[in-house]
Amino acid sequence: MWEVERADPVTARRAANDLKTAKQHLRQGQNEQAVECFVKALDDHDNVDLVAEQARKFPDSHLAMRLLELTATKAREYLKRDLGQDCFEETFYAYGGFWGVLDTRPYMRTLHAIAHVAFDMGDLDKAIATTVETLRLCQGDNMGQRSFLPPLLLRAKRYEDALSFCQVWLDPQYDGKQRPLGGCAFAAPDPEPLSQAFVDWHTESWRPTDLLLNAALASYHLYGDCEQARQYLSLGAKGNTRIMCEIWVRSRQPTKPYSRPRTANSREESHDYLWLMQDLWMEHDVWAWATRHPDVKEAALKRCGYAECSNREEAVFTFKCCGGCKEEWYCSPECQKADWRKHKLECFGYRQKLLASSPRDKDFGSESSVSDDEDPDSLVRFAH
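Numbered according to full-length UniProt numbering, the sequence shown spans residues 1 to 384.
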């Protein structure tokens with residue numbers, strides 16, 4: 001077993017001062033000086049996470065990338081010193097399970113930051129290579145890279161690799177197990193239609209909608225309007241109905257990811273998916289193919305949330321949503337009022353969970369939480 005070597009007290013104090021000075025430089029717009037001080041702060045291994053976090057705050061992506069790459073290099077040196085020179089190789093006892101070794105996590109988070117900054121800069125090759133390396137080291141994907149890599153591959157027009165990756169992560173045989181190379185072996189994808197057993201497996205509420213939709217898009221680009229592509233599209237459209245609704249009405253694409261916790265197939269997850277992928281679905285032939293699929297239409301058109309009403313939308317987003325949770329839809333203010341007594345606790349519970357980490361829901365620009373005695377009239381808002 002290894003023993004992690006920490007910085008001596010003198011080095012730790014000096015690095016702490018360098019970190020403080022670097023933050024001051026960054027606040028004052030002295031970015032080059034900030035980089036120099038942040039690099040000095042890396043003399044203490046415990047500052048790797050802090051420096052990587054601060055790098056994302058640089059207004060200049062090129063400076064941010066330079067600092068992140070220097071941080072990753074320093075972190076690799078520390079890990080080789082503490083865990084052994086082979087810690088990044090297949091001979092390392094924790095190969096593929098890096099996340100289980102606590103001291104590797106700052107390095108892994110730094111790789112994560114590099115991939116995202118590279119994406120922001122439009123450097124798809126670097127973003128893909130870094131994400132693949134992250135998955136090679138942590139094949140159980142504790143950092144959620146499986147949601148980030150397929151959009152990168154699709155943007156790079158690596159459709160076979162995108163479909164191969166999605167198929168590995170969607171394969172029930174790997175449930176609860178690590179995928180080989182984190183899904184990045186990139187074997188030839190299977191072009192055959194999905195089995196009924198596969199479809200049944202992915203009809204649960206926790207189905208990975210992003211992977212299903214990405215697989216649908218990759219399959220469509222590879223094989224055209226085939227049964228497999230339609231099956232993936234059907235499963236994905238039903239998994240998170242808001243995604244295809246937003247695509248259907250050509251809504252404005254989000255400009256940044258959602259920054260706080262979310263639940264599976266929630267409105268928050270749809271926001272992130274659209275941030276990464278909406279423009280690829282808006283390509284003329286893709287949009288036309290997706291929106292004519294009967295299951296997409298079935299999933300997109302809302303039914304009135306009032307149990308005693310049987311009305312259904314004739315066009316997407318013509319019903320109004322609850323202004324509090326934005327999860328329930330009504331054909332009229334009268335139905336919303338009639339359902340309010342039943343929906344009230346559910347609505348407030350959702351808002352409380354959504355706002356748990358922040359007093360305001362800045363990612364969606366929605367209003368602050370409503371009070372218990374708020375009139376339901378004030379909760380009715382147009383969805384767009």
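Even for Gly, the Cβ is constructed at its ideal location relative to N, Cα and C.
query                                                                                                                                                                                    : result
To the nearest angstrom, how far is the alpha carbon of Arg-242 from that of Glu-89?                                                                                                     : 42 Å
Measuring only the C-alpha atoms, how far is Pro-118 from Val-316?                                                                                                                       : Going by the sequence as given, residue 118 is Ala instead of Pro. Cα to Cα, the separation comes out at about 36 Å.
Less than 6 Å between C-beta atoms, sequence neighbours within five positions excluded: which residues of the same chain meet that for Ala-55?                                           : Ala-64, Leu-67 and Leu-68
So, helix, strand or coil for Cys-347, using DSSP?                                                                                                                                       : helix
Answer yes or no: do Pro-106 and Val-35 have a C-beta to C-beta separation smaller than 7 Å?                                                                                             : no
Mind reading off the beta-carbon distance from Thr-71 to Ala-52? Whole number of angstroms is fine, and I expect it under 8 Å.                                                           : 5 Å
Does the structure place the region 345 to 352 close enough to the region 271 to 279 that three or more beta carbon pairs sit under 8 Å?                                                 : no
Could you work out which residue in Gln-196, Gly-176 and Trp-99 is closest to Met-143 when comparing CA atoms only?                                                                      : Trp-99
Assuming Cys-309 contacts Cys-325 under a Cβ cut-off of 8 Å, what Cβ separation, rounded to an integer in Å, is found between them?                                                      : With 8 Å as the limit, Cys-309 and Cys-325 do not qualify as a contact, their Cβ atoms being about 19 Å apart.
On the three-state DSSP scale, how would you describe Arg-250?                                                                                                                           : coil
Comparing C-alpha positions only, which one of Gly-96, Ala-216 and Asp-82 sits nearest to Thr-134?                                                                                       : Gly-96
Look up Trp-329 in the DSSP assignment and give the residues it is bridged to.                                                                                                           : Cys-321
Just verifying my parser: in three-state terms, what is the DSSP assignment at Gly-97?                                                                                                   : strand
So, helix, strand or coil for Cys-184, using DSSP?                                                                                                                                       : coil
Are there three or more Cβ pairs, one per stretch, closer than 8 Å when the region 8 to 22 is compared with the region 71 to 80?                                                         : no
List the DSSP bridge partners of Cys-138.                                                                                                                                                : Gly-97
Could you please give the first and the last residue of the uninterrupted alpha helix (DSSP H) stretch that includes Ala-12?                                                             : 9 to 27
For Arg-303, which beta-bridge partners are listed by DSSP?                                                                                                                              : Arg-312
Out of Ala-115, Arg-81, Asp-123 and Glu-298, which has the shortest C-alpha to C-alpha gap to Asp-103?                                                                                   : Arg-81
Skipping 5 residues on each side, what residues in its chain have a beta carbon closer than 7 Å to that of Leu-274?                                                                      : Ile-243, Glu-246, Gln-253 and Pro-254
Looking at the structure shown, is Gln-33 part of a helix, part of a strand, or coil, going by DSSP?                                                                                     : helix
Taking all protein chains shown into account, do 16 or more other C-beta atoms lie within 10 angstroms of the C-beta of Ala-127, making it buried, or fewer, making it exposed?          : buried
Shortest alpha-carbon distance to Cys-226 belongs to which of Phe-319, Leu-153 and Leu-194?                                                                                              : Leu-194
CA-CA distance, Phe-92 and Gln-167?                                                                                                                                                      : 28 Å
Rank Phe-148, Gln-352 and Leu-19 by C-alpha distance to the C-alpha of Pro-261 and give the top, closest one.                                                                            : Gln-352
Can you tell me the Cα-Cα spacing of Ala-307 and Asp-339, whole angstroms?                                                                                                               : 8 Å
Buried or exposed: where does Lys-147 fall if 16 or more other Cβ atoms within 10 Å of its Cβ makes it buried?                                                                           : According to the sequence as given, residue 147 is Ser; it is not Lys. Ser-147 comes out buried.
By Cβ distance, which residues of its chain are closer than 7 Å to Cys-37, with the 5 residues on each side in sequence left out?                                                        : Asp-18, Thr-21, Ala-22 and His-25
Please look up how many angstroms separate the CB atoms of Leu-211 and Leu-153, rounded, as I've assumed it's under 8 Å.                                                                 : With a Cβ gap of about 12 Å, Leu-211 and Leu-153 do not count as contacting.
Taking only the alpha-carbon atoms, compute the straight-line gap between Gly-239 and Leu-213 and give it to the nearest angstrom.                                                       : 10 Å
Can you list, in chain order, the residues of its chain with a C-beta nearer than 7 Å to that of His-62? Leave out the 5 residues immediately preceding and following it.                : none
Beta-carbon separation of Gln-178 and Gly-236 under 7 Å?                                                                                                                                 : no
Give every residue of the same chain whose Cβ lies closer than 8 Å to the Cβ of Phe-186, excluding the five residues on either side of it in the sequence, and list them in chain order. : Glu-160, Asp-161, Ser-164 and Phe-165
Taking the beta carbon of Glu-5 as the centre, do at least 16 other beta carbons fall within 10 Å, making it buried, or is it exposed?                                                   : exposed
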